[in-house]
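**Student:**
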Amino acid sequence: HVAPPRSAARPRPLPRRMAALRLGRSLWRTRPQAAAAGSGRPAPLDFVAAAQKVGALERLERKPWVMLGDVREGLEVALGLATDELLIALAHWLESAVGEPAAVGLAHSSGNIYLGPSLDFGSRRLGPEQTLVANLYSHGEMGLDAVAAYVPPAREEAELLREVATYKRMRWLDANLVCVRPDGGLHGEVQQREPGSMIRAAKPRLLKKYPLVSEALAPADVAAAAMSGLEVEHGSCFQHASYKYLELEGSGMDEWQVSLARNSATRSYCPPVAADDGGPVGCAVLTGANSLYAGFSIRTRSGLGSLSPLQSALVSLGANGADAADILKVVWTGAETQATSELRQADEALLRTLAPQSVFTVVQPTSE
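According to my numbering, the sequence shown is numbered sequentially starting from 15.
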């Protein structure tokens, strides 16, 4: 996400099918709702009050689907929770807040937490884990250590998680285990962090008591993976060679957008067995706030659960509290093959649904 100075204009309303993407700052103004009668679930913790107490609310309103390690640590102290308990409580709160299936993930190494609400684009939908993976990818993380949600990943989401480099040790935290103290209150004194002080990493031993994601999948999905030989495979996504920082080239927004689209294609992930699907593709989205968002593709061996460039760019918009209806222009790039052409047409059709007045432009993969 490349962000020149933002406009102060209020976002325009989105169609109902895009409700998850218009959450933005309103997500962190959501108060706990009473649990539905007979659901057996407790009322969620008041994470808005907790974020306010630790001085993180403004940051979370700016980037509503991203919780950096220092915020995680502050909430653990304020709520008296260990990292695994915090993940479960957050998954419970997020699903209650958005009214749709949702997942929460713990990033590998950094200890940052990412939120993954399911996104309904009308004819195309992203499951919670697809949103979660795209969110981590757009923020340069190195893998995913744990996923917390109420329901294990469906087949498509499982195929995508298998491509993550840390899949073999990725843990599944069942949000049905949520246990909220009767007082539901805040605990501990919040201490001001000294500049440059070290953020405590999440303790790996806390996660070892939970099953692996591979062990939590539905039997039918495990059987389907076994038949295709995928149950013993995992990818290198987040740690593949092309996943690195690339400088933008050019002068002016038009050239920067083209450069970002090409960089996004270069950084995209494609497992070796899917390399004949047309090569890397990517896009760059320009909004009315004069901000650029990268759109990359993440492909899977089976093709199920893959993410297109525009889908991943939309996740980046949501993670930054932006509005899909504010998209002005999309620059899309990729080699000209049948598979690439079909993917490009699907992304263009999706854009027409979300931002009918926007411009969709195709450029060559390289400037040569």
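Where is the CB? At the ideal position from N, CA and C, for every residue including glycine.
Helix, strand or coil, according to DSSP, for Asp60 in the structure here?
**Tutor:** Correct three-state label for Asp60: coil.
**Student:** Quick check on His201: does DSSP put it in helix, strand or coil?
**Tutor:** Confidence is the limiting factor: at His201 the pLDDT is only 47, short of 50, which leaves the residue's position unreliable and the question unanswerable from this model.
**Student:** Could you check how far apart the C-beta atoms of Trp107 and Phe135 are, in whole angstroms? I think they sit under 8 Å.
**Tutor:** Actually they are not in contact, since the Cβ atoms of Trp107 and Phe135 sit about 24 Å apart, beyond 8 Å.
**Student:** Skipping 5 residues on each side, what residues in its chain have a beta carbon closer than 7 Å to that of Leu95?
**Tutor:** Ala103, listed in sequence order.
**Student:** Looking at the secondary structure, which residues open and close the beta strand (DSSP E) in which Gly130 lies?
**Tutor:** First-last of the beta strand (DSSP E) with Gly130: 127 to 131.
**Student:** According to the neighbour-count rule (16 or more other Cβ atoms, all chains shown, within 10 Å of its Cβ), is Glu387 buried or exposed?
**Tutor:** No answer is possible for residue 387: the residues shown for the chain start at 15 and end at 382.
**Student:** Pick helix, strand or coil for Met267, following the three-state DSSP scheme.
**Tutor:** The answer is helix: DSSP assigns Met267 an H, G or I state.
**Student:** At which residues does the beta strand (DSSP E) containing Ala116 begin and terminate?
**Tutor:** Start and end: 116 to 121.
**Student:** Any idea if Ser320 is buried or exposed, counting beta-carbon neighbours within 10 angstroms, 16 or more meaning buried?
**Tutor:** Per the 10 Å Cβ criterion, buried.
**Student:** Counting Cβ pairs closer than 8 Å, one from the region 62 to 80 and one from the region 119 to 139, do we hit at least three?
**Tutor:** They touch, by the three-pair rule.
**Student:** Among residues of its own chain, excluding the 5 on either side of Val85, which ones have a beta-carbon nearer than 6 Å to its beta-carbon?
**Tutor:** Around Val85: Ala70.
**Student:** Please classify Ser137 as buried or exposed, where buried requires at least 16 neighbouring CB atoms within 10 angstroms.
**Tutor:** When all chains shown are included, Ser137 counts as exposed.
**Student:** To the nearest angstrom, report how far apart Glu229 and Tyr164 are at their CA atoms.
**Tutor:** Looking at the two C-alpha atoms, the distance is approximately 15 Å.
**Student:** Measure the Cβ-Cβ separation of Pro379 and Arg276 and say whether it is below 9 Å.
**Tutor:** Contact flag set, yes.
**Student:** Would DSSP call Gly296 helix, strand or coil?
**Tutor:** Strand at Gly296.
**Student:** How many angstroms separate the CA atom of Gln253 from the CA atom of Lys182?
**Tutor:** Taking the straight line from one Cα to the other gives about 14 Å.
**Student:** Inspect the CB distances between the region 293 to 306 and the region 109 to 126 and report whether three or more fall short of 8 Å.
**Tutor:** No: the two stretches stay apart, fewer than three of their Cβ pairs being nearer than 8 Å.
**Student:** Helix, strand or coil: how does DSSP classify Val68 here?
**Tutor:** The answer is coil: DSSP assigns Val68 none of H, G, I, E or B.
**Student:** Could you round the C-beta distance between Ala64 and Ala92 to whole angstroms and report it? I think they count as a contact, below 8 Å.
**Tutor:** Their Cβ separation, rounded to whole angstroms, is 5 Å, which keeps Ala64 and Ala92 in contact under 8 Å.
**Student:** Applying the criterion that 16 or more other CB atoms from any shown protein chain within 10 Å of the CB defines a buried residue, is Gly113 buried or exposed?
**Tutor:** The residue is exposed, with fewer than 16 neighbouring Cβ atoms inside 10 Å.
**Student:** Buried or exposed for Leu191, please, with buried defined as at least 16 other CB atoms from any protein chain shown within 10 angstroms of its CB.
**Tutor:** So Leu191 counts as exposed.
**Student:** With DSSP run on the structure shown, which of helix, strand or coil describes Tyr181?
**Tutor:** Helix, per DSSP.
**Student:** Could you tell me the alpha carbon to alpha carbon distance between Lys222 and Ala111, rounded to whole angstroms?
**Tutor:** Their backbone Cα atoms lie some 29 Å apart in a straight line.
**Student:** From Ala303, Glu362, Leu318, pick the residue whose C-alpha is nearest to that of Ala336; which is it?
**Tutor:** Closest by alpha carbon: Ala303.
**Student:** Tell me which same chain residues have a C-beta within less than 7 Å of the C-beta of Ala279, skipping the five on either side of it?
**Tutor:** Contacts found: Pro294, Val295, Gly296, Thr347, Gly348, Pro379.
**Student:** Buried or exposed, going by whether 16 or more other CB atoms sit within 10 Å of the CB of Val345?
**Tutor:** Answer is buried; the Cβ neighbour count reaches 16.
**Student:** Please list the terminal residues of the continuous alpha helix (DSSP H) segment that includes Leu318.
**Tutor:** Neither: Leu318 is in no alpha helix (DSSP H) and is coded neither H nor E.
**Student:** Per DSSP, what kind of secondary structure is Ala275 in: helix, strand or coil?
**Tutor:** Ala275: helix per DSSP, three-state reduction.
**Student:** Per DSSP, what kind of secondary structure is Leu306 in: helix, strand or coil?
**Tutor:** Three-state DSSP puts Leu306 in a strand.
**Student:** Return the first residue and the last residue of the beta strand (DSSP E) that Leu158 is part of.
**Tutor:** Looking at the DSSP string, the run of the beta strand (DSSP E) that includes Leu158 is 158 to 163.
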